[in-house]
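**Student:** Below you will find the structure I want to go over with you.
Encoded structure:
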């Protein structure tokens, strides 16, 4: 009897464990530097639950001072400030569609990111985890990028890999 109970519990535990795949987007260089506090104040995220898109090829934001060394990932970078004001960054490309020009759109009303093509939603203010749609069914999360904070010379810089 104990063996049967142990087997059932092990089966339930195995079924309930899900892995999330956040490596569906092809690797791409990311380097966005905010060289002054003024740059951060104008182009950064202002506070909790704010979001900003960076797409160098489309010049988004239009007057952001991109340098030759700047790179914005595969489909662009989504920079957000979570519930506690901590910055997080993701690739804008939907991991289901895997196309540079199919980009997540953040709903300020629902506080989620949504793909305009497959309509999968993502928790962009936590870990970029899938919430609904095909992404949730398959366990496809947004590709995360590191946000490093350097208080000496550059207030904020986004760095991949």
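Residue numbers (our numbering): 802 to 962. Heads up, the beta-carbon is just placed ideally off N, CA and C, and yes, glycines get one too.
Which runs of the beta strand (DSSP E) spanning at least 3 residues fall entirely within the region 859–908, listed in chain order?
**Tutor:** Qualifying beta strand (DSSP E) stretches, in chain order: 878–882, 888–892 and 906–908.
**Student:** Buried or exposed: where does residue 824 fall if 16 or more other Cβ atoms within 10 Å of its Cβ makes it buried?
**Tutor:** It counts as exposed.
**Student:** Given a cut-off of 8 Å on the beta-carbon distance, is the pair residue 833 and residue 871 in contact?
**Tutor:** Cβ atoms of residue 833 and residue 871: closer than 8 Å.
**Student:** Which value, in whole angstroms, describes the spacing of the CA atoms of residue 875 and residue 859?
**Tutor:** So the two alpha carbons sit approximately 13 Å from each other.
**Student:** How about residue 916 and residue 903: do their beta carbons lie closer than 8 Å?
**Tutor:** Their beta carbons are under 8 Å apart, which means residue 916 touches residue 903 by this criterion.
**Student:** Should residue 884 and residue 829 be called a contact, given that it needs their Cβ atoms to be closer than 8 Å?
**Tutor:** Cβ atoms of residue 884 and residue 829: not closer than 8 Å.
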